[in-house]
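>
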Amino acid sequence: MQPTQTPIAVPDIIQLIDLKYYLIISTALFVIGIIGVLTRRNAIIIFMSIELMLNAVNLLLIAFSSYRADPTGQVFVFFIMAVAAAEVAVGLAIIVMIYRNIRSIDVGLLNKLKW
Amino acid sequence: MQTDLLVKLIPLFPLLGFLINGLGFRRVPNGLIGLIGSLAALASFVCVALLFNGFGGEAQRVLFFEWFSVGNFTVDFAYQIDQLSLIMLLIVTGVGSLIHIYSIGYMHHDHGYGKFMAFLNLFLFFMLLLVMGSNYLIMFIGWEGVGLCSYLLIGFWNKNTSYNNAARKAFVMNRIGDLGFLLGMFMLMGAFGTLEFAGVFEQAAGLPIGDATVVAITMLLFVGAMGKSAQIPLYTWLPDAMAGPTPVSALIHAATMVTAGIYMVVRSNVLYTLAPITLDIIGGIAIATALLAASIGLVQNDIKKVLAYSTVSQLGYMFLGLSVMGYTSGMFHVMTHAFFKALLFLGAGSVIHAMSDEQDIRRMGGLKKYLPITFWTFLIATIAIAGIPPFAGFFSKDEILMHVYQHSKLLWVLGVLGSAMTSFYMFRLLFLTFFGRFRGSEHQREHLHESPLTMTGPLLVLAVLSAIGGFFNVPEALGGSARLGEFLNPIFDLSRKVDPSAFGEMLLTHSEEYMLMGISTGVALFSALAAYVVYVRRADLPESDMVERPILEKVLYNKYYIDEFYETVIVRPVRGLSDAFYSFGEFLIDGIVNGIGWLVRLLSVQFRRVQTGSIGFYVFAMVLSLAVMLWVRFFIRL
């Protein structure tokens, strides 16, 4: 977003690994997350899979940020981490309540809310 | 100024009475309702009397405020006090007060007593507005207001559907007339740029006789008068209006409201003098109405219906007087008619009261000895309306006929014929009700009683007025000085200037006048005698409804089938049309609205199956959708 800015030199140590590997690993992590969410029925596992997807996105943001020498992406990562922490707090609480009510955390059982 | 205050107070009292009784309905104690209502009317009457006493002969205009002003066109909320409005005010508040007092006795058992008194007061307020307004618009407010009150009071016993229908009929027919009045006002605005009486008449006086605009205006205004004053073709509401309580019939549908049309024509006498064509038409309609209504009255058996047709007929006479520019005679008849017709109706009310709500004269008879006061007062009123000297009706009717005689002999003959019928049906009514033997049920006989003082008191006062009312305007031929004529004279100054010939000296010699009087009196006496022979000597009774009547009588008994005619020609086609429009709207609009609703429901039944409640499916759908979106975004070139 800042094409006129003079590029800051990217440290060599980062450039040792090519950007495409970051892309590949984050995509892999993200797909693992999706598959986890889609296939598992345990609410906690689904929750963990979502966290995995979030972190895949975080990793990608960091990579791009470093390669482009633009700190905006890293700022976003902090936001995402903060929101994710809040989400964990709320989400886990919900899961605990679900468990207390139906003695199970199988999301397949939570199908009362339908037409 | 003191007169200013008086003038402003006159309509205020009835309005106050209406507000107290109307807003406090069911909270004002029963004993107070009548007192408040009657006092409001009486207070107005006292104000009018004081005003009349201090009246100097100069027309006065009392300005309240400027109501609105558009460009050069201004309408003031102002009252005009002159000879004409004073006479009307005296009649309205005087007769009105008596009828208010009568209502205390007649209505105090009714559940809606307070409501009734409130409506009567409201009526009085609007009627006062009508006669006091200094321009056509204020008059129109009163005009509409009295129509509203008439509607409310005819349908007063609103649990009865036929009464409600009668009320609606009266209202709708009046609206037809009002439309004419309204159009007339628009034309006045266009032609003269003002609605103020003084301004209009002054400008009109400069126009030539027969001016087309004035003819149109007068015609339209007369359509309004037709509706309000029950002339052909808009008269059928008045007989039906008898559904209302009897004091209402007396006050609104005999003494005051129905004379509004005559008042309006007399008020606009300059315009009417300018339009001889309109006057001729009025004359034709008036005599037709008078004869038609009188002939129907000959065979009716409902005591109030007879009086109602009599009212229509007498209104015809008033217009007949106006049509030959006998404006004073018309006003004179308005006055005497207010006395004796109010008396007749109140007497009929007293009879109905005594007979436990029986109105059919075939079941009455012999009431003379049970209701002496009612009988004697009714007798006086009958003689007065029949036109037998020296009671009120003789003088006023004779004056009208005299004017008519000068104008057209044919109209005069028809007028005398009508007066013969008047005399016959009135004496028929009197004889059938009060003479002979009692024909009602045993139960009714036990219940017979003279009415309380609140009811007989007004009867007595009105009887005195009916007896002596004629002496206000004794013609010169009989050694009188035509005082009412003298008093009203300034009202017609402009008309006289416009058409001096119409207001010339009486062309008739005194001997001719005596002859005319003799003829009409003789005819009236003869009719009375005929009625006596038929209904007392031979003790004939009108047949029951079951019996087949001779064809002529059948036509009369069924009121010339005019109601049926209107029903077929106007009411039913209009209703058919509205039904057609209604069902079309029903079909089209409802089709669209219901169709959309139906479509949405149909689709939703299918789509809601998607909401399965299974989280896995939701997530899968989400992922799939996102994938599709990305795929579309990156791999499809649009």
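Chains A and B are the protein sequences, given in the same order. Counting from 3, one number per residue, gives the positions in the first sequence under my numbering. Counting from 712, one number per residue, gives the positions in the second sequence under my numbering. We put the CB at the ideal spot given by N, CA and C, even for glycine.
Please go through the segment 840-924 of chain B and give each complete alpha helix (DSSP H) segment of 4 or more residues, from N-terminal end onward.
Qualifying alpha helix (DSSP H) stretches, in chain order: 847-865, 872-903, 908-915.
> Using 8 Å as the Cβ pair cut-off and three pairs as the minimum, do the segment 937-952 of chain B and the segment 882-896 of chain B touch?
Yes, the segment 937-952 of chain B is in contact with the segment 882-896 of chain B.
> Indicate, with yes or no, if the ligand COA has a heavy atom lying under 7 Å from the CB of Leu-831(B).
This structure simply doesn't include the ligand COA, nor any ligand for that matter.
> DSSP puts Asn-44(A) in a beta bridge; with which residues?
DSSP output for Asn-44(A) lists Asp-108(A) as bridge partner(s).
> Is it buried or exposed for Met-3(A), if we count other Cβ within 10 angstroms and need 16 for buried?
In this predicted model, Met-3(A) has a pLDDT of only 49, less than 50, meaning its place in the structure is not dependable enough to derive any value.
> Could one say the Cβ of Ile-36(A) lies closer than 8 Å to chain B's Cβ atoms, at least one of them?
Cβ-Cβ to chain B under 8 Å: yes for Ile-36(A).
> Rounded to the nearest angstrom, what separates Ala-1242(B) and Phe-1138(B) at their Cα positions?
Rounded to whole angstroms, Ala-1242(B) to Phe-1138(B) spans 6 Å at the Cα level.
> Which residues share a DSSP beta bridge with Glu-777(B)?
Glu-777(B) pairs with Asp-787(B).
> Using a Cβ-Cβ distance under 8 Å, would Val-85(A) count as near chain B?
For Val-85(A), the answer is no, since every Cβ of chain B falls outside 8 Å of its Cβ.
> Are the segment 1145-1154 of chain B and the segment 1077-1089 of chain B in contact at 8 Å, needing three or more beta carbon pairs?
The segment 1145-1154 of chain B vs the segment 1077-1089 of chain B: in contact.
> Starting from the C-beta of Pro-1186(B), find all residues in its chain whose C-beta is less than 8 Å away, skip the five residues before and the five after it, and write them out in chain order.
Excluding residues within five positions, the ones whose Cβ falls inside 8 Å are Phe-1106, Asp-1109, Glu-1110, Met-1113, Ala-1193, Glu-1224.
> Under a CB-based cut-off of 8 Å, is Val-109(A) close to chain B?
For Val-109(A), the answer is yes, since a Cβ of chain B falls inside 8 Å of its Cβ.
> Give the straight-line distance between the Cα atoms of Gly-1287(B) and Phe-1298(B), rounded to the nearest whole angstrom.
Taking the straight line from one Cα to the other gives about 16 Å.
> Ignoring anything shorter than 4 residues or poking outside the segment 944-1030 of chain B, list the alpha helix (DSSP H) runs there in chain order.
Runs found: 948-951, 957-961, 971-978, 980-985, 987-1008.
> Could you pull the start and end residues of the alpha helix (DSSP H) that Ser-755(B) belongs to?
That run of the alpha helix (DSSP H) goes 741-764.
> Which residues, in order along the segment 1331-1347 of chain B, keep a beta-carbon less than 9 Å from a beta-carbon of chain A?
Cβ contacts with chain A: Phe-1331, Val-1334.
> In chain order, what residues of the same chain lie with their CB nearer than 6 Å to the CB of Ile-810(B), ignoring the 5 residues before and after it?
Closer than 6 Å at Cβ, skipping near neighbours: Pro-958, Ala-961, Leu-962.
> Mind pulling the chain B residues with CB within less than 7 Å of Met-22(A)?
In the sequence on display, residue 22(A) carries Lys and not Met. Within 7 Å Cβ-Cβ: nothing; Lys-22(A) doesn't reach chain B, min ~18 Å.
> List the residues of chain A that Ser-1325(B) touches, going by C-beta distances under 9 Å, in chain order.
Val-109, Gly-110, Leu-112, Asn-113, Lys-116, listed in chain order.
> Along chain B, which residues have their Cβ under 7 Å away from the Cβ of Val-98(A)?
The contacting residues do not exist; Val-98(A) stays about 17 Å from chain B at best.
> Whole angstroms are fine: how far does the CA of Met-1226(B) sit from the CA of Gly-933(B)?
It is worth fixing the name first, because residue 933(B) is Phe in this sequence and not Gly. If you take the alpha carbons of Phe-933(B) and Met-1226(B), they lie about 33 Å apart.
> By Cβ distance, which residues of its chain are closer than 6 Å to Val-1234(B), with the 5 residues on each side in sequence left out?
Only Val-1127, Ala-1131 meet the Cβ criterion.
> Is the beta carbon of Leu-56(A) sitting closer than 8 Å to the one on Gly-75(A)?
Not closer than 8 Å, so no.
> Step through the CB atoms of chain B and report whether any lies within less than 8 Å of the CB of Leu-40(A).
Chain B, which has a Cβ nearer than 8 Å to the Cβ of Leu-40(A), makes this yes.
> Quick one, which of Met-898(B), Glu-1259(B), Leu-949(B) has its alpha-carbon nearest Val-926(B)'s?
Taking only the C-alpha atoms, the option nearest Val-926(B) is Met-898(B).
> Which of the three DSSP states, helix, strand or coil, is assigned to Asp-1301(B)?
Asp-1301(B) falls in the helix class under three-state DSSP.
> For Phe-1276(B), count neighbouring C-beta atoms within 10 Å of its own C-beta (all shown protein chains included) and say buried if the count is 16 or more, exposed if not.
So Phe-1276(B) counts as exposed.
> To the nearest angstrom, how far is it from the Cα of Cys-860(B) to the Cα of Phe-1051(B)?
Taking the straight line from one Cα to the other gives about 23 Å.
> In or out: Asn-885(B) buried (at least 16 other Cβ within 10 Å) or exposed?
Classification for Asn-885(B): buried.
> Roughly how many angstroms lie between the CA atoms of Leu-31(A) and Gln-1317(B), to the nearest whole one?
So the two alpha carbons sit approximately 37 Å from each other.
> Identify whether Ile-19(A) lies in helix, strand or coil by the three-state DSSP scheme.
In this structure, Ile-19(A) counts as coil in the three-state DSSP scheme.
> Determine the direct distance from the alpha carbon of Arg-1348(B) to that of Leu-54(A), and round the result to whole angstroms.
Taking the straight line from one Cα to the other gives about 33 Å.
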